[in-house]
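So the protein sequences, as listed, match chains P and D.
Following numbering that gives the first Met the number 0, the numbering of the first sequence begins with 0 at its first residue and continues without gaps.
Following numbering that gives the first Met the number 0, the numbering of the second sequence begins with 0 at its first residue and continues without gaps.
Backbone N, C-alpha and C define an ideal beta-carbon position, used for all residues, glycine too.
Below: one structure, written as structure tokens.
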Amino acid sequence: MSGISKGGKKDTKMRIRAFPITMDEKYVNNIWALLKNAIQEIQKKNNSGLSFEELYRNAYTMVLHKHGEKLYTGLREVVTEHLINKVRVEVVDALRNNFLQVLNSAWNDHQTSMVMIRDILMYMDRVYVQQNNVENVYNLGLMIFRDQIIRFPLVHSHLRDTLLTMVAKERKGEVVDRGSVKNACKMLMILGIDSRSVYEEDFEKPFLIQSAEFYRLESEKFLAENSASVYIKKVEARILEEAERATHYLDKSTEEPIVKVLEDELIRKHMKTIVEMENSGVVHMLKNNKSEDLACMYKLFCRVPDGLRTMCDCISAYLREQGKALVTEDDNGTNAITFIQSLLDLKDRFDHFLHESFSNDRLFKQMISSDFEHFINLNPRSPEYLSLFIDDRLRKGVKGMSEQEIENVLDKSMVLFRFLQEKDVFERYYKQHLAKRLLLNKSVSDDSEKNMISKLKTECGCQFTSKLEGMFKDMTVSNTIMEEFKHHLQQSVTNLNGVELYVRVLTTGFWPFQSSLSKCNMPSAPNMAFEAFRRFYLGKHSGRQLSLQPQHGSADLHATFFGIKRANTGPMDLVDEGAASSSGKSLRRHIIQVSTYHMVILMLFNKKESWSYDEIKNETDIPERDLMRALQSLALGKITQRVLSKDPKTKDIEASHMFTVNDQFTSKLFRVKIQSVATKGDTEPERNETRNKVDEDRKHEIEAAIVRIMKARKRLQHNVLVAEVTEQLKARFLPSPVVIKKRIEGLIEREYLSRTAEDRKIYTYVA
Amino acid sequence: MPPRKKRTYATENEPETSSKRLCSKKSADSGFSVKRCTTWFNNYCAENDGSIGPDGIERFCKDLGVEPENIIMLVLAYRMDAKDMGYFTLNEWIKGMTYLQCDCIEKLNNKFDLLNASLSDPVTFKNVYRFAFDFSLENGNRSLDKPTAIALMTLLLDGRWSLFNEFVQFLEQSKFRGINKDQWYNVYEFSRHILPDLSNYDEDGAWPVLLDEFVEWYQQHLSKTSEVGVSI
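Here you go:
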């Protein structure tokens, strides 16, 4: 070997100048033989006697003199030969005996020796390998190991089977040597060089297949033996176990696919079964308020596509069934309060589940809303009942509820309100009930009322609430006017003949009454008092018209009842003290609180002792239906209410029947309130009447919408028009396409719209 | 205007004579004359009203050899753009007869087939059909009462629409008390566009509710009769 001069300065790397001397064949072979021998020694783990520096230099020389290929090829041969003839034989021998350990140590040895070999041949790596685009030394070693050992059929299958068997054992609960599995997996990963393909093909794929099969069987067994909640917990446990297994001794990247397999086998394939399991599935959990179990199920089902949807569908069916049962009318008559309260309770229950178990998941939230919307509208009386419920809460005397509690209840009622499709029906009833509350002075507080109205305003806009607010204003204004009136009376020294008058002036448009169709003949005393007021009022507001509404209003009457029948019974309240005291204890005085109609009827008995029905009718001019009702409550109600007696003493009233004052009347109370026979909530004919009014209003609203839309758009196709109208009106009610069509036809007839000549399906606005 | 030819007989002096005498073979070959037309008109005039009334029309029809309910009368009225059923004014008469180039009965008789044939033209038919509605309306009304509508419809659509009989049947048992213009027009459109088996009827076709209900009724009617095994 010619001399190789070292570089000038001493630094960390050895700088050897290239030497352009060619080598001869023999020389090269010698070098190679040296190297080959060294490699083999390394493989035999006899590297201690070798000089790294010398070997490196030799390799360097070879490459330098353009014999890299020989070196490379030779290397490959040596490694291959070693692996085949030595290592593989050992491994195969150990197939039944410590296989993994033997394999593992062979692998370790291989790695170690390859590292050393690589170090020696590093120059080749840097230069030859780069230039010729072949695998570097280390990787070459890996590939040979992979091809000759791992992929050797016997080894290949045995390795796979061993690993799988161990996993299977562990799944059954046995303890296995995790370390060797871990090493094997690591090895496979490394053997993939820059990919995980070896690991994947040799182990992971069969692993996943086996796992799928295993869990398929296990799921069936579990399901057959266990309740839903137990099953879920077991599934959770298994998922954790597999994830941990992957992290600890398989490769971490396997975690995701194996968990997916589990999710698939254990959950997705059995979703419906789990959810619908009798006596333990979702319905059972809901019935028994098992929020925790539901939460577990939710978490689990989150993992699979459509898992939540499956749960949701089942819950929805149950909810709809419950809701439907609540809204179906009882044959015994439905109490509006319990109707609504039960719906509120149901909502609370499911909101609780939504919060506790379903972490406010939007899918579930929407499901609950749409279900409520569905069944609340199954009963056409829902709007009326809701109004009655709110009415009840706003009335005086609702004990045990603080302002805050009332507020909460009202808020929840608003939630139900949003679900109503026929909001215009609700509006109508709410107006009626509010009017009653205001006039009879029954509101628990003005603040609560105003609060409710502002909630409605936020929901529905001003149009909805403007009239309600008008009603309130009327009340306030009336109070002011009464103050002024009192003042006026004092100043002008007007005598109302002992009648204490309180007038409330109502603006016609705001209040839901039929403006006075009902006239009746007022007795003179109250009539004169009212006239005084009328003069006063019209003096202040000329150009207005006041009409008394006798179907509303109330009166307090002083009544004197004479116990014994005497020959000359005088009129009720004009008896002088003297005569009264002489008759002794049987004289009773009461204050009777009555409606206006009652007052009109009763005061007749000041003029005459007995009246027939016909006579009363003619004298008072009260409409038949109201007259009947009034007489019924005066004469045919409870004993403690019978201020009048009727002859004959039958339950019905006929034209000829005679009415007299019931002098035998007694009551423990001084103030006796005569109840009207009226029922809470509408009766059947009243309901129909309301419904008719609603339908009438709707016709107008639909037509207004059609005209509005057509005026803006000029030309529209039929379907588009129907869709637009529905869209505009849906905040109040849901018009059917047929009804809209009828209105369109009506408008065509009245020449607001016409069909275009070219296409009869397109309408145009007729200006 | 075609040139006027001198005539040898005096027509104006005998207003009561039958119109047949007004038109001899000779004049039938001559051109159209407004004067002759007017004279012809005056023949049927009622009193000094200036227009032909129901009696006059009856006579006119007799002369023509048709019943007053014949569809030809409708076509004539259409050409005249007559306003009221049962009455023709002079202007209307002149307008219509000028269009037809008829100033006497014979000429009109010759045009008979032409008039009938004109109904085969869809445009003409549609116009006549539509005209018939306004023509039959009584003053101030927006719709024809049911019997009138059915009668008029029979005149126009019987034999021209395969579902006509069923439609009348439906109308008679329905709650509709009259037909308004939009419904009238659409019945015709329906008869022209919708197949007898209703296969191309679509619910979103913006048909008046009257026709939607007819379709519903007809389909039920079909299934009922097919159950009984009666052929329609």
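Should the segment 66-84 of chain D be called in touch with the segment 95-106 of chain D, which here means at least 3 C-beta pairs below 8 Å? Contact annotation: the segment 66-84 of chain D touches the segment 95-106 of chain D, with at least three C-beta pairs closer than 8 Å.
Given tyrosine 217 of chain D as reference, the closest of D/Gln172, D/Arg176, D/Asn179 once Cα atoms are compared: Among D/Gln172, D/Arg176, D/Asn179, the Cα nearest to that of tyrosine 217 of chain D belongs to D/Gln172.
Residues that lysine 760 of chain P contacts on chain D, provided the C-beta gap is smaller than 7 Å: Ordered by position in chain D, the residues that pass the 7 Å Cβ test against lysine 760 of chain P are Gly204, Ala205.
Spatially closest choice to arginine 159 of chain P from P/Leu141, P/Ser179, P/Lys171, by CA coordinates: If we check each option's Cα against that of arginine 159 of chain P, P/Ser179 comes out closest.
If you draw a straight line from the C-alpha of valine 127 of chain D to the C-alpha of alanine 205 of chain D, how long is it? Cα to Cα, valine 127 of chain D sits roughly 24 Å from alanine 205 of chain D.
Check the DSSP bridge columns for isoleucine 591 of chain P and list the partner residues they point to. Beta-bridge pairing links isoleucine 591 of chain P to P/Leu556, P/Val671.
What alpha helix (DSSP H) runs, 4 residues minimum, are completely inside the segment 139-221 of chain P? Taken in chain order, the complete alpha helix (DSSP H) segments of 4 residues or longer contained in the segment 139-221 of chain P are 152-171, 177-190.
In the DSSP assignment, what are the bridge partners of tyrosine 764 of chain P? In the DSSP assignment, tyrosine 764 of chain P is bridged to P/Leu752.
List the residues of chain D that asparagine 718 of chain P touches, going by C-beta distances under 9 Å, in chain order. The contact set of asparagine 718 of chain P on chain D, defined by CB atoms closer than 9 Å, consists of Asp203, Ala205 in chain order.
Could you tell me whether any Cβ in chain D is nearer than 8 Å to the Cβ of glutamate 748 of chain P? At a cut-off of 8 Å, the C-beta of glutamate 748 of chain P has a neighbouring C-beta in chain D.
Check whether the Cβ of valine 706 of chain P lies closer than 8 Å to any Cβ atom in chain D. Using a Cβ-Cβ cut-off of 8 Å, valine 706 of chain P does not count as an interface residue toward chain D, since no Cβ of chain D sits closer than that to its own.
Of the residues P/Ser675, P/Lys606, P/Thr659, which one's Cα is nearest the Cα of arginine 628 of chain P? Of P/Ser675, P/Lys606, P/Thr659, the residue nearest in Cα terms is P/Ser675.
Please confirm whether glutamate 188 of chain D has its beta-carbon closer than 8 Å to some beta-carbon of chain P. It does: the Cβ of glutamate 188 of chain D has a partner Cβ on chain P nearer than 8 Å.
For a quick check, are the C-beta atoms of leucine 156 of chain D and serine 190 of chain D less than 8 Å apart? Remark: C-beta atoms of leucine 156 of chain D and serine 190 of chain D approach each other more closely than 8 Å.
Is it buried or exposed for aspartate 798 of chain P, if we count other Cβ within 10 angstroms and need 16 for buried? Absent from the structure is residue 798 of chain P, since the part of chain P shown begins at 0 and ends at 766.
Report the neighbours of valine 724 of chain P on chain D: residues whose CB is nearer than 8 Å to its CB, in chain order. Within chain D, no residue comes near valine 724 of chain P; the closest Cβ sits about 14 Å away, beyond 8 Å.
Using a Cβ-Cβ cut-off of 8 Å (strictly less than) and excluding sequence neighbours within five positions of aspartate 575 of chain P, which residues of its own chain qualify? Confidence at aspartate 575 of chain P is low in this model, with a pLDDT of 37, below 50, so its placement is unreliable and the value that follows should be read with caution. Correct list: empty, nothing qualifies.
Partners in chain D for valine 737 of chain P, counting only beta-carbon separations shorter than 9 Å: Around valine 737 of chain P, the beta-carbon contacts reaching into chain D at under 9 Å are Val208, Asp211.
8 Å Cβ cutoff, aspartate 181 of chain D in contact with chain P: At a cut-off of 8 Å between beta-carbon atoms, aspartate 181 of chain D makes contact with chain P.
At the 8 Å Cβ level, is asparagine 232 of chain D part of the contact set with chain P, yes or no? No statement about residue 232 of chain D is possible, as the shown extent of chain D runs from 0 to 231 and does not include it.
Could you tell me how far apart the beta carbons of alanine 242 of chain P and valine 260 of chain P are, in whole angstroms, since I believe they sit closer than 8 Å? Their Cβ separation, rounded to whole angstroms, is 12 Å, which puts alanine 242 of chain P and valine 260 of chain P out of contact at 8 Å.
Cβ of lysine 713 of chain P less than 8 Å from any chain D Cβ? Proximity of lysine 713 of chain P to chain D, defined by a Cβ-Cβ separation below 8 Å, is not satisfied.
Beta carbon of alanine 554 of chain P, beta carbon of valine 593 of chain P: below 8 Å? Contact annotation: alanine 554 of chain P and valine 593 of chain P have beta-carbon atoms nearer than 8 Å.
Given 8 Å as the limit, is there contact between the segment 145-156 of chain P and the segment 84-103 of chain P, that is, 3 or more CB pairs closer than that? Flag = yes, the segment 145-156 of chain P and the segment 84-103 of chain P touch.
Buried versus exposed, by CB contacts within 10 Å (16 or more), threonine 224 of chain D: Result: exposed.
Determine, using beta-carbon pairs with one atom in the segment 466-476 of chain P and one in the segment 493-502 of chain P, whether at least three such pairs fall under 8 Å. Counting C-beta pairs with one atom in each stretch, the segment 466-476 of chain P and the segment 493-502 of chain P have fewer than three that are closer than 8 Å, which means they do not touch.
Do phenylalanine 202 of chain P and leucine 187 of chain P have their CB atoms nearer than 8 Å? A Cβ-Cβ contact shorter than 8 Å links phenylalanine 202 of chain P with leucine 187 of chain P.
So which residues of chain D does glutamate 264 of chain P contact, with C-beta pairs closer than 8 Å? Neighbours of glutamate 264 of chain P on chain D: none; closest Cβ ~48 Å, over 8 Å.
Going along the chain, which residues of its own chain have a beta-carbon closer than 6 Å to the beta-carbon of arginine 503 of chain P, five neighbours each way excluded? The answer, listed in chain order, is Ser477.
Cutting at 6 Å between CB atoms, please list the residues of its own chain near aspartate 144 of chain D, excluding the five before and the five after it. Result list for aspartate 144 of chain D: Gly177, in chain order.
Residues of chain D with a CB under 9 Å from the CB of glutamate 744 of chain P: which are they? Think of a sphere of 9 Å around the beta carbon of glutamate 744 of chain P: the chain D residues whose beta carbon falls inside it are Asn179, Asp181, Gln182, Pro207, Val208, Leu209, in chain order.
Which of helix, strand or coil does DSSP assign to serine 401 of chain P? Taken through DSSP and simplified to helix, strand or coil, serine 401 of chain P comes out as coil.
Mind pulling the chain D residues with CB within less than 7 Å of lysine 740 of chain P? Near lysine 740 of chain P (Cβ distances below 7 Å), the residues of chain D are Val208.
Boundaries (first-last residue) of the alpha helix (DSSP H) holding threonine 333 of chain P: Per DSSP, threonine 333 of chain P is not a residue of any alpha helix (DSSP H), being assigned neither H nor E.
Under a CB-based cut-off of 8 Å, is arginine 141 of chain D close to chain P? A Cβ of chain P is located within less than 8 Å of the beta carbon of arginine 141 of chain D.
So asparagine 138 of chain D contacts chain P; which residues on that side make the cut at Cβ distance below 7 Å? Per Cβ cutoff of 7 Å: no residues; asparagine 138 of chain D is ~17 Å from chain P at best.
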